[in-house]
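Q:
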Amino acid sequence: MQSGAKAKTKKQAESTTTNSAEPALSGTHKGLLQAAVLIGGASVMVVEILGSRVLAPSFGTTLHVWSALITVTLAALAVGYAIGGRVADRRPGLGTLMTVMAISAGTLLLSDLITRPVLKAAYSAGMVGGTFVAAILLFLPTLFLLGMVSPMAVRAAADQQQLGTSVGNLYALSTIGSVAGSLSVSLLLIPNLSVHAAIISTAVALAIVPLVYLLMKSKGQAALLLLAVLMVGVVATKVMGDEADREVFYKNEAYPVTARIPSSYGDLVVSDYRGARYLFLNGVQQGSLIGDVSHARYAYGLERLTTARGLPKNVLIWGLGAGVFARALAEAGIDVTVIEIDPMSEKVAREYFGLPASVKVIIGDARTETVNLKDKYEVIVLDAFSGDTPP
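If you read the sequence shown in our numbering, its first letter stands for residue 2, the second for the next number, and so on.
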């Protein structure tokens, strides 16, 4: 019995030694692995934050939207960690990791291609259910694959002699990537690119490392195939994205885009439709005009409330929107000051909705700017939250 147990133990030890005795990564391959971990960590945050812009035209940017995005992201990563660890044990090595990275680039491009039909279908499920359905269908596959990156990278590069240091360094690198992704999406991608262009940029970044890996392994045909598939995906996404950018959907109705103005606070769209001019922020209507007259009952209501006891001398408004309300008061001879957090909103209101120069616009957070004001106002109107979109 004892000799049998010893033989079994010896066999298990030999098996363990055989599995762990994998060829060490070269310096170049280590660099590729580190780049994959860095880009993977950055892409998780980019996809999550861009997701709010993708869902906004149908569901706004409510708490439900962010709750759905965070929930789907965490769930996808958790499953990705678990499955990625199992796949790494069965097929260790850098090649499997690169395959996962390449597929994640494809699923990200695919998500942009199917965004419009998914949002239309999910809208019928309601504000809460629809956001979760859309987030799952559009983002879960890519986030799941990105979740597989870390455990597979650990399996490929872990040094058994310094396991803690090796794993810690890889997770630190992934987190640094997430920090970089968060900053890049808020400071570079969203202010300067459309959502479609930002998604294409992220997909290309995910595909670069696998492409370099294939070229280094002298797998030219595989590299050409990956490059061809990537180019087809990018072109298709660009073409369909440009087509989608020509319209904005509001309550399942398509409004043609007259002008699209990217902003750090939202996607501003001006639309001329059926004789009226509309302003949309993240797909939610903010104001409208027919000629020089407001097309929205909401603006009329604010005017009547503000002037219910006669014309005030001056009025302070929190939130500009299209500037329709502020314009109406100014044309009635009232001294109007508006506090608006988004500088692009003032540009749009003056250029497209005729906001007169007499209306003073202060750019900043209304709560802090109001405290610093020296003037006193007869009426203060709080209009900083419109529809589903807070400033």
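For glycine and all other residues, C-beta sits at the position ideal for the given N, C-alpha and C.
Since the structure is predicted, the reported quantities are computational estimates derived from the model, not experimental observations.
Helix, strand or coil: how does DSSP classify residue 378 here?
A: Locating residue 378 in the sequence shown gives position 377, counting from the first residue. Reduced to three states, the DSSP call for residue 378 is coil.
Q: Going by the CB atoms, is the gap between residue 47 and residue 182 shorter than 8 Å?
A: Within the sequence shown, the letter at position 181 stands for residue 182. Within the sequence shown, the letter at position 46 stands for residue 47. Yes; because the gap between Cβ atoms is below 8 Å, this pair is in contact.
Q: Should residue 22 be labelled buried (16 or more other beta-carbon atoms within 10 Å of its own) or exposed?
A: Translated into positions along the sequence shown, residue 22 becomes position 21. Low confidence applies to residue 22: its pLDDT is 43, below 50, so where it sits in the model is not reliable, and the reading given next is rough at best. The residue in question, residue 22, is exposed, as its Cβ has fewer than 16 Cβ neighbours within 10 Å.
Q: Between which residues of its own chain and residue 86 is the CB-CB distance below 6 Å, once the five residues before and five after are set aside?
A: Here residue 86 refers to the residue found at position 85 of the sequence shown. Contacts found: 152.
Q: What does the alpha-carbon distance come out to for the pair residue 304 and residue 323?
A: Numbered from 1 along the sequence shown, position 303 holds the residue referred to as residue 304. Numbered from 1 along the sequence shown, position 322 holds the residue referred to as residue 323. Spanning the two alpha carbons is a distance of roughly 15 Å.
Q: Just confirm the distance between the C-beta atoms of residue 329 and residue 295, as a whole number of angstroms; I'd bet it's less than 8 Å.
A: For this step, residue 329 is matched to residue 328 along the sequence shown. For this step, residue 295 is matched to residue 294 along the sequence shown. Yes, they are in contact, since the Cβ atoms of residue 329 and residue 295 sit about 6 Å apart, within 8 Å.
Q: Restricting to Cα atoms, I'd like to know which of 80, 107, 29 and 136 is closest to residue 66.
A: If you number the sequence shown from 1, residue 66 lands on position 65. Checked all of 80, 107, 29 and 136; the closest Cα to residue 66 is 136.
Q: Which runs of the alpha helix (DSSP H) fall wholly inside the stretch 23-101 and span at least 4 residues, in chain order?
A: Within the stretch 23-101, the complete alpha helix (DSSP H) runs of at least 4 residues are 28-60 and 64-91.
Q: Could you tell me which uninterrupted alpha helix (DSSP H) segments, each at least 4 residues in length, are contained entirely in the stretch 115-148, listed from first to last along the chain?
A: Within the stretch 115-148, the complete alpha helix (DSSP H) runs of at least 4 residues are 116-124.
Q: Can you tell me which residues form a DSSP beta bridge with residue 361?
A: Counted from its first residue, the sequence shown places residue 361 at position 360. DSSP lists 338 as partners of residue 361.
Q: Express the C-alpha separation of residue 229 and residue 236 in angstroms, rounding to a whole number.
A: Within the sequence shown, numbered from 1, the residue matching residue 236 stands at position 235. Within the sequence shown, numbered from 1, the residue matching residue 229 stands at position 228. Roughly 11 Å separates the two Cα atoms.
Q: Tell me residue 278's beta-bridge partners as DSSP assigns them.
A: Counting from 1 along the sequence shown, the entry for residue 278 is found at position 277. Note: residue 278 sits in a beta bridge opposite 273 and 290.
Q: Can you list, in chain order, the residues of its chain whose CB lies under 6 Å from that of residue 186, leaving out five sequence neighbours each side?
A: Against the sequence shown, residue 186 aligns to sequence position 185. 47 and 50, listed in sequence order.
Q: Measuring CB atoms only, is the stretch 330-338 touching the stretch 360-367, in the sense that at least three cross pairs come out at less than 8 Å?
A: The answer is yes - the stretch 360-367 touches the stretch 330-338, with three or more Cβ pairs under 8 Å.
Q: Counting only the same chain and skipping the five closest in sequence on each side, list residues whose C-beta sits under 6 Å from that of residue 175.
A: Taking the sequence shown and counting its residues from 1, the one referred to as residue 175 is at position 174. The residues are 38, 42 and 151.
Q: Output the distance between the C-alpha atoms of residue 267 and residue 378, rounded to the nearest integer angstrom.
A: Here residue 267 is taken as the residue at index 266 of the sequence shown, counted from 1. Here residue 378 is taken as the residue at index 377 of the sequence shown, counted from 1. Using only the alpha carbons, I get a separation of about 30 Å.
Q: Alpha carbon to alpha carbon, what distance is there between residue 351 and residue 80?
A: As a first step, residue 80 is located in the sequence shown; it is residue number 79 there, counting from the start. As a first step, residue 351 is located in the sequence shown; it is residue number 350 there, counting from the start. Taking the straight line joining both Cα atoms gives about 49 Å.
Q: Rank 166, 287, 188 and 316 by C-alpha distance to the C-alpha of residue 380 and give the top, closest one.
A: Against the sequence shown, residue 380 aligns to sequence position 379. Cα-wise, what sits closest to residue 380 is 316.
Q: So what does DSSP say about residue 17, is it helix, strand or coil?
A: The sequence position of residue 17 within the sequence shown is 16, counting from 1. With a pLDDT of 44 at residue 17, under the threshold of 50, the predicted position of this residue should be treated as unreliable, though the coordinate-derived value follows. Helix.
Q: Skipping 5 residues on each side, what residues in its chain have a beta carbon closer than 7 Å to that of residue 356?
A: In the sequence shown, residue 356 corresponds to position 355, counting from 1. Contacts found: 324, 327, 328 and 350.
Q: Can you tell me where the alpha helix (DSSP H) with residue 164 in it begins and where it stops?
A: Along the sequence shown, read from residue 1 onward, the residue named residue 164 stands at position 163. Residue 164 -> alpha helix (DSSP H) spans 164-185.
Q: By a C-beta neighbour count over all protein chains shown, 10 Å radius and 16 as the cutoff for buried, is residue 382 buried or exposed?
A: For this step, residue 382 is matched to residue 381 along the sequence shown. Buried, because 16 or more other Cβ atoms sit within 10 Å of the Cβ of residue 382.
Q: With DSSP run on the structure shown, which of helix, strand or coil describes residue 316?
A: Position 315 of the sequence shown, counted from the first residue, corresponds to residue 316. Residue 316 falls in the strand class under three-state DSSP.
Q: Take every Cβ of the stretch 101-111, pair it with every Cβ of the stretch 201-209, and state whether three or more of those distances are shorter than 8 Å.
A: The stretch 101-111 vs the stretch 201-209: in contact.
Q: Is it buried or exposed for residue 105, if we count other Cβ within 10 angstroms and need 16 for buried?
A: Along the sequence shown, read from residue 1 onward, the residue named residue 105 stands at position 104. Its Cβ being crowded by 16 or more others within 10 Å, residue 105 is buried.
Q: Using 8 Å for Cβ pairs, my map puts residue 265 next to residue 211. What's the rounded Cβ distance?
A: The residue you call residue 265 lines up with position 264 of the sequence shown. The residue you call residue 211 lines up with position 210 of the sequence shown. About 32 Å; that fails the 8 Å criterion.
Q: State buried or exposed for residue 99, treating a residue as buried only when at least 16 other CB atoms are found within 10 Å of its CB.
A: If you number the sequence shown from 1, residue 99 lands on position 98. Label assigned to residue 99: buried.
Q: In the DSSP output, what is residue 211 paired with across the bridge?
A: Start at 1 with the first residue of the sequence shown, and residue 211 comes out as number 210. Paired residue(s): none; residue 211 is not in a bridge.
Q: Is the beta carbon of residue 347 less than 8 Å from the beta carbon of residue 320?
A: In the sequence shown, counting from the first residue as 1, residue 347 sits at position 346. In the sequence shown, counting from the first residue as 1, residue 320 sits at position 319. It is not a contact, given that the beta carbons lie outside the stated cut-off.
Q: Could you compute how far the alpha carbon of residue 208 sits from the alpha carbon of residue 254?
A: Taking the sequence shown and counting its residues from 1, the one referred to as residue 208 is at position 207. Taking the sequence shown and counting its residues from 1, the one referred to as residue 254 is at position 253. Cα-Cα distance, rounded: 36 Å.
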